[in-house]
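> Right, I'll just put the structure down here and ask away after.
Put into structure tokens, the structure is as follows:
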């Protein structure tokens with residue numbers, strides 16, 4: 308099974324974005340042990356590339372590991388060198404898209420309007436990150452999915468265990484879930500119990 312198909316099969320990508328330099332490994336361990344196996348480390352997180360390297364060493368091929376908030380080619384190359392298997396970008400960058408296509412790495416590229424979404428698809432993006440999904444709204448998302456049903460879409464932003472099922476029912480292929488799963492408060496308090504509960508709630512909601 309290809310990396311892209313594995314991402315689709317997993318349904319959820321845990322978006323890890325932190326402003327602290329705390330060791331995130333034990334938190335990611337909780338997420339993975341709870342059953343979420345697609346992990347995105349955003350490059351805005353301190354020491355993001357080192358975290359990706361460490362996770363690749365620890366988990367080898369047992370998780371799907373991606374780099375997020377990748378906005379330029381140099382960052383994409385460094386992320387892949389660190390061990391990322393897929394790249395997530397909040398923007399459309401044709402240089403990044405072409406490089407990843409040439410080297411056969413999945414690219415999930417951000418878009419919001421129908422024109423942006425179509426242009427990303429036409430450029431060969433594997434999956435479109437609809438961001439911020441909470442501002443677009445479910446009804447608008449349904450309309451876009453209706454006129455472009457063959458596109459793979461990943462809404463991100465404002466997704467929780469309470470609305471995750473609604474987004475899948477509206478046609479989402481994968482859900483990008485961040486702060487409702489893990490946030491700086493959970494990290495600073497080392498609140499592993501809440502993190503485990505959040506992970507379980509999300510997985511339960513999409514069954």
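In my numbering, the protein residues as written are 308 to 514.
For glycine and all other residues, C-beta sits at the position ideal for the given N, C-alpha and C.
Please read all numbers here as calculations on a predicted model, not as lab measurements.
Give the straight-line distance between the Cα atoms of residue 508 and residue 405, rounded to the nearest whole angstrom.
Spanning the two alpha carbons is a distance of roughly 37 Å.
> Grouping DSSP H, G and I as helix and E and B as strand, with all else coil, what is residue 453?
It is helical.
> Indicate whether the contact test is met: 3 or more Cβ pairs, each with one atom in the stretch 486-501 and one in the stretch 328-337, closer than 8 Å.
Judged by Cβ distances under 8 Å, the stretch 486-501 makes contact with the stretch 328-337, as three or more pairs qualify.
> With 16 other CB atoms within 10 Å as the buried threshold, where does residue 357 fall?
Label assigned to residue 357: exposed.
> Would a C-beta distance cut-off of 8 Å place residue 438 and residue 464 closer than the cut-off?
It is a contact, given that the beta carbons lie within the stated cut-off.
> Could you spell out where the alpha helix (DSSP H) holding residue 404 opens and where it closes?
Counting along the chain, the alpha helix (DSSP H) containing residue 404 begins and ends at 401-409.
> What residue range is occupied by the uninterrupted beta strand (DSSP E) comprising residue 424?
Counting along the chain, residue 424 falls outside any beta strand (DSSP E), though it belongs to the alpha helix (DSSP H) covering 421-429.
> Can the beta-carbon of residue 461 be found less than 8 Å from the beta-carbon of residue 485?
For residue 461 and residue 485, no; Cβs fall outside 8 Å.
> In the DSSP assignment, the beta strand (DSSP E) including residue 347 goes from what residue to what residue?
Looking at the DSSP string, the run of the beta strand (DSSP E) that includes residue 347 is 345-349.
> Alpha carbon to alpha carbon, how far is residue 338 from residue 522? Give it in angstroms, no decimals.
Because residue 522 is not part of the residues shown, which for the chain are 308 to 514, the question remains open.
> Could you tell me the distance, in whole angstroms, from the CA atom of residue 319 to the CA atom of residue 467?
Their Cα atoms are separated by approximately 11 Å.
> Is DSSP giving residue 313 helix, strand or coil here?
Correct three-state label for residue 313: helix.
> Have a look at 362, 473, 428 and flag the residue whose alpha-carbon is nearest the alpha-carbon of residue 445.
Ranking the options by Cα distance to residue 445, first place goes to 473.
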